[in-house]
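For reference, the structure is listed below as structure tokens.
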Amino acid sequence: MSTSGSNPAHLLFSADAAWGHVRGFCILAARLVNENENIVITMFIAPKLLEKAHSEISTELGDGVREDILARIRILATFRSTSDNIVTLKIPATESYGPAYQNLVEAKSVTCAIKGTVFEAVTAPRVVLLDKWMGLPQLRATRAITGHSVPIVVWSTGNVSYTLRLLGPEHFSGLGDFSAASIRADSEDEEISRKIFSGAEETVIKIPGCPPLYDYELLPQEQRFGGALVKSSLRGAYTLMQECDGIILTTAYAIEDRSIHAAKSWFADWKKATYVLGPLLPLGYGAVPQSFRGNVDIATFLDRMLLEHGAHSVLFISFGTVFWPTVPEYIDELIEAAIEKKFPFVKPQFYRLITFQTGLLGFLLCVAFR
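First residue of the sequence shown: 1, per full-length UniProt numbering; consecutive thereafter.
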């Protein structure tokens, strides 16, 4: 691998095991290495996302891309696993991060735990980007090795308006300081679940950029998470954003202008640099095929439904990575009814979280509250 300079700018990115958290950075990484020959990017991602990430980056760079450009994006898993459970994967991702980061800091080669690919030594990372929802233990591992000499930037995906609600100050209708009594480590788990997910207070909230709404309208259905997991996740994200050096928002001003300005004022109070980079979509999004992943089958199906049923006739059923109903049979009933009525629909694979074990919750709570 070669760069135009003797001291390349090396960026390290580490993300949660959710594709929605990784895909946008794949687009950004491809654009960065394509525009600047002095940039090298290392990505630590979950094993089952490796192929998707390679495909996304290759598609963004297009046919005929030079090998030296591709070589400056190093995609690897730091641990072995066949799981796609984003909660249980936090443990090996956290445990393997420190040793892998130490190798990068010492300008040593690193090896993908899945593919066995050996990535040659480059200069130490100049900046580290960490996922908002899993980055706190990695921030602490980073600081233990390089102190504050390497800036740590939070990678914040999703709607800024909802980030304001979950993590923002109370004057933006956020849940406020997570050191407050209502969400301390000794608070009742179910009380926290009700406060965050059930809208138990039935109050009107006014998030900048959103119309006024009752708190229960944000998540009208029962959630599949216990209070302990929710508490540790939110506490971890809040603390990470307090301790980091900057924040990247992957939204767009055209969509969330007021919410973005509110978030930037909040982060300014914390003296955090804020960067808005969205929307991070492929350059040809909506105009050219993006990848081989189901493209042909889906396109054929949609074209046929357009001819047979007309425009706006297909139902798309998705709740993201984890926010599926607590009773999967509800979705089954919906699908059965759609089939009976010959109503065309598209549904991604249902993501099932396993039951959380006490040891896992203990690990997450330890990370969040220490």
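C-beta atoms are modelled at their ideal positions from N, C-alpha and C, and glycine is treated no differently. The structure displayed is predicted, hence computed values, not measured ones.
Beta-carbon spacing of residue i, residue j below 8 Å
i           : j           : result
residue 267 : residue 129 : no
residue 123 : residue 8   : yes
residue 167 : residue 238 : yes
residue 214 : residue 230 : no
residue 250 : residue 157 : yes
residue 39  : residue 80  : no
residue 27  : residue 281 : yes
residue 153 : residue 247 : yes
residue 75  : residue 17  : no
residue 53  : residue 89  : no
residue 25  : residue 133 : no
residue 207 : residue 233 : no
residue 240 : residue 127 : no
residue 98  : residue 30  : no
residue 82  : residue 44  : no
residue 244 : residue 272 : yes
residue 305 : residue 318 : no
Buried versus exposed, by CB contacts within 10 Å (16 or more), residue i
i           : result
residue 68  : exposed
residue 118 : exposed
residue 138 : buried
residue 256 : buried
residue 100 : buried
residue 66  : exposed
residue 94  : buried
residue 144 : exposed
residue 300 : exposed
Endpoints, beta strand (DSSP E) assigned at residue i
i           : result
residue 13  : 9 to 14
residue 274 : 273 to 276
residue 44  : 39 to 44
residue 74  : 73 to 76
residue 248 : 246 to 249
DSSP state of residue i mapped onto helix, strand, coil
i           : result
residue 357 : Legend: pLDDT at residue 357 = 40, less than 50; position of this residue unreliable, value from coordinates given subsequently. Residue 357 falls in the coil class under three-state DSSP.
residue 285 : coil
residue 17  : coil
residue 157 : coil
residue 105 : helix
residue 300 : helix
residue 219 : coil
residue 255 : helix
residue 136 : helix
residue 412 : The displayed coordinates of the chain run from 1 to 370. Any statement about residue 412 would go beyond what the structure contains.
residue 110 : strand
residue 175 : coil
residue 280 : coil
residue 33  : helix
residue 79  : coil
residue 323 : coil
residue 150 : coil
residue 22  : helix
residue 122 : coil
residue 336 : helix
Cut-off 8 Å between Cβ atoms - residues of its own chain near residue i, not counting five sequence neighbours on either side
i           : result
residue 315 : 338, 343, 344, 345 and 346
residue 298 : 346
residue 107 : 121, 122, 123 and 124
residue 36  : 9
Opening and closing residue of the alpha helix (DSSP H) in which residue i lies
i           : result
residue 313 : From DSSP, residue 313 is part of no alpha helix (DSSP H); its letter is neither H nor E.
residue 131 : Careful: residue 131 lies outside any alpha helix (DSSP H), inside the beta strand (DSSP E) at 127 to 131.
residue 342 : Where residue 342 is concerned, there is no enclosing alpha helix (DSSP H), given that its DSSP letter is neither H nor E.
residue 51  : 50 to 61
residue 89  : Run containing residue 89: none; DSSP gives neither H nor E here.
residue 68  : 67 to 70
Cβ-based neighbour list, residue i, same chain, cut-off 7 Å, excluding 5 preceding and 5 following
i           : result
residue 309 : 344
residue 221 : 325
residue 254 : none
residue 15  : 21, 22, 25, 45, 131 and 155
residue 176 : 169 and 170
residue 109 : 118, 119, 120 and 121
Close beta carbons around residue i, own chain, < 6 Å, minus the five adjacent residues each side
i           : result
residue 160 : 249, 251, 256, 259, 260 and 263
residue 209 : 161, 256, 258 and 259
residue 72  : 33 and 40
residue 135 : 240
residue 212 : 204 and 206
residue 42  : 12 and 74
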